[in-house]
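Start counting the sequence shown at 904; every next residue gets the next number (the numbering used here). Even for Gly, the Cβ is constructed at its ideal location relative to N, Cα and C. Only one structure is covered here, and it is reproduced in the block below.
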Amino acid sequence: MSSLTRREWIGAGGFGAVAAALPGRAAEPAPAAGKWRLGINTSTLRNASLEDKIKATAKAGFDSIELWSGDLSRHEKDGKSLDDVKKLLADCGLAVPNVIGIWNSMPADEEEKARRYEQLKPQLAQAAKVGAKHIAAVPGPDRPDIDVRWAAKRYRELLALGKEFGITVAIEFLGPIKGVHTLGQAAAIAIEADSPEARIVPDSFHLYRGGSSFVGVRYLAGAIYAVWHINDVPKEPEQFQLRDGDRILPGDGILPLPQLLKDLWASGFRGPLSVELFNQELWRKDPFEVARLCMERMKALIAKSGVGDA
């Protein structure tokens, strides 16, 4: 994604309305020519080895994969090199748009913050070694009284820290927490950070679980997104009782995913759309079969949306 100045970004969408998008009315999708970039978040294939996660993702036809820092650390602890991971990714033709991720990224105490930033350096270096573009950061420790402008200042510092390693830190909001749990809060932090590199990582599950309206997507320019996590939810449990393990395959639940894709396409976003699940039933299955199933569902969703190709 090309960098934008803050003024250009807000003019293109930001917190203002995307051209032709009004409350209660869907944004008119751009012509449907072109392809979505599609990926898998390796949480979806949790029980597989790192190598099999990569191979299964590529074999299913995805062009990107989101890795987890924990997997990379275990790989190194086993005496293996991340250079081998990077080579396998290249051989499989997979990009790494994002690594999951940084927790407790915004301590309130200055001394604690300094210690935390030092702790993050090996993790950032790790992400850089496998060619990642972004690393997701949750604005924690969790607290209900978090101030957006204060968080934006911390985010600027995280962006500067990531830049030392060639990595862009992106804000990820989590629906169940008390602090930054909505699309609007995450977008506000990115806007107030006043950086052309500011990005967020939304998730259809967290959007719904945190109480955000899917209509809000129509008011943001696509340049703000690092990646979108795509998944669905069942009718039960109730919205605010849902847990990560309740996520289901795209198209199997109640979320307005076809309209979401239309609105994202209209914003200029072309992906990656990354399937992120924490489904224990799928974890017990062959990772190659799960990856194939995810691609099948994404192709069906894209066809139903009427915008872009898989």
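Residue range of the beta strand (DSSP E) that includes residue i
| i | result |
| --- | --- |
| Trp1131 | 1131-1133 |
| Ala1073 | 1071-1075 |
| Leu941 | 941-944 |
Sequence-distant residues of the same chain with beta carbon closer than 6 angstroms to residue i, five excluded per side
| i | result |
| --- | --- |
| Ala1096 | Ala1055, Tyr1058, Arg1059 |
| Phe965 | Leu941, Gly942, Ile943 |
| Ala1256 | Examination of residue 1256 is not possible in this model, given that the chain is present from 904 through 1213 alone. |
| Asp1214 | In the structure as shown, the chain starts at 904 and stops at 1213, and residue 1214 therefore has no counterpart that could be examined. |
Own chain, CB closer than 8 angstroms to residue i, minus 5 neighbours either side, in chain order
| i | result |
| --- | --- |
| Arg928 | In this prediction, Arg928 scores a pLDDT of 35, lower than 50, which makes its location untrustworthy; the coordinate-derived value is nonetheless stated afterwards. Nothing listed; no residue qualifies. |
| Ala1028 | Phe1068 |
| Gly996 | Ala961, Asp966 |
Contact check, residue i vs residue j, beta carbons under 7 angstroms
| i | j | result |
| --- | --- | --- |
| Ile1003 | Ala1040 | no |
| His1037 | Ala1073 | yes |
| Ala1091 | Val1051 | yes |
| Phe1172 | Tyr1128 | yes |
| Asp1135 | Gly1156 | yes |
| Pro1190 | Ala951 | yes |
| Leu1061 | Phe1117 | no |
| Gly1154 | Ala1206 | no |
| Val1120 | Ser1177 | no |
| Ser972 | Gln1026 | yes |
| Leu991 | Ile957 | yes |
| Ile1103 | Ala1089 | yes |
Coarse secondary structure for residue i, derived from DSSP in three states
| i | result |
| --- | --- |
| Asp1106 | strand |
| Trp1006 | coil |
| Ser1177 | strand |
| Leu1158 | coil |
| Glu1100 | coil |
| Lys1081 | coil |
| Glu1067 | coil |
| Ser967 | strand |
| Ile1092 | helix |
| Asp1212 | strand |
Pick from the options that is closest to residue i, judged by C-alpha positions
| i | options | result |
| --- | --- | --- |
| Arg1195 | Lys938, Ala951, Thr960, Gly937 | Thr960 |
| Pro1175 | Val1193, Glu1139, Asp1212 | Asp1212 |
| Leu975 | Lys990, Cys995, Gly996, Leu953 | Leu953 |
| Glu1184 | Arg949, Leu1160, Val1083 | Arg949 |
| Lys1138 | Gln1022, Val1193, Tyr1111 | Tyr1111 |
| Asp1045 | Arg1121, Arg977, Ala1011 | Ala1011 |
| Cys1197 | Ala963, Trp939, Lys938, Lys989 | Ala963 |
| Tyr1122 | Ile1049, Ser1170, His1084, Met1201 | Ser1170 |
| Met1201 | Leu1152, Ala1124, Ser1098 | Leu1152 |
Other residues of its chain near residue i: CB distance less than 7 angstroms, five sequence neighbours each side excluded
| i | result |
| --- | --- |
| Phe1181 | Ser946, Asp1147, Gly1148, Arg1150 |
| Glu1199 | none |
| Pro1047 | Lys1081, Gly1082 |
| Ser1008 | Ala1040, Val1041, Pro1042, Gly1043, Leu1061 |
| Tyr1020 | Leu1064 |
Alpha helix (DSSP H) segment containing residue i, residue limits
| i | result |
| --- | --- |
| Ile1205 | 1190-1208 |
| Ile957 | 953-962 |
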